[in-house]
Amino acid sequence: MRSIYEYNRAVFRKNSLVFFYVIFKGAGMEKEAIIDLIRRIDFFRQIPEVQAKKLIELGKIKKYNANDIIVKEGEISSNIYFLLSGGFMVTAQGKIVHYENNYGEFFGDIAAIDKLPRTAFVRANKESLFFVLNINDVLPDQSELSTGERFYLNICQTFSERLRKNDLRIRQLNTEIAKLEKAVGQ
1 MRSIYEYNRA VFRKNSLVFF YVIFKGAGME KEAIIDLIRR IDFFRQIPEV QAKKLIELGK
61 IKKYNANDII VKEGEISSNI YFLLSGGFMV TAQGKIVHYE NNYGEFFGDI AAIDKLPRTA
121 FVRANKESLF FVLNINDVLP DQSELSTGER FYLNICQTFS ERLRKNDLRI RQLNTEIAKL
181 EKAVGQ
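Sequential numbering of the sequence shown, starting at 1, is according to my numbering.
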């Protein structure tokens, strides 16, 4: 006979993540189950286990119902959201620009790094679970960063700035294309 742990790992392999989470929580094994669940995300798999567990303990699990707003365009937040189950859609300027249902996908990283306002709305497209990690809980006071850490943070901030500029340019080009298509169609 399989143990509840083995049974739930089988359930996990079938991508029934919410069921997996609920059973473990009910069995009083929430912490171990959550760590196991999050460690399966590629992002955390690349981090040594001891460090990954420390990161996981800094975060929290948040549940959103279908159509709940997770992130508002223009808000400033340091949270990064990792999808555990369900899905989300990203809208900017009233248009859906991204739709995601894949376990482990994440968003919020750019705003968390550069501390600038969010550039889009993110809404749950069905009941969803996220692992939420606040970058301020992860990074020490920047005055305490080593030279290497400061170097990598600067690279991340530069990438974020470039991504924001490219995103803005893409939006501008899409607006111009829509205007041209409308003019040609008339």
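For glycine and all other residues, C-beta sits at the position ideal for the given N, C-alpha and C.
Here the structure is a predicted model, which means the values were calculated and not measured.
Every alpha helix (DSSP H) stretch that sits fully inside the stretch 22-102 and reaches 4 residues is listed by chain position as 30-39, 42-45, 49-58. Separation of the CB atoms of Ile80 and Ile135 is rounded to 6 Å, and the pair is thereby assigned contact status at 8 Å.
With 16 or more other Cβ atoms inside 10 Å of its own Cβ, Thr119 counts as buried.
Sixteen is the threshold: when 16 or more other Cβ atoms of the shown chains lie within 10 Å of the Cβ of Ser128, as they do, the residue is buried.
For Phe82, the closest C-alpha among the options Phe43, Cys156, Ala66, Pro117 is that of Phe43. The alpha-carbon of Ser77 is positioned some 42 Å away from that of Val184. Per DSSP, Ala178 lies in no beta strand (DSSP E); the unbroken alpha helix (DSSP H) holding it starts and ends at 147-185. Within the DSSP secondary-structure output, Asn125 pairs in no beta bridge. In this structure Arg169 is exposed. Its beta-carbon is surrounded by fewer than 16 other beta-carbon atoms within 10 angstroms.
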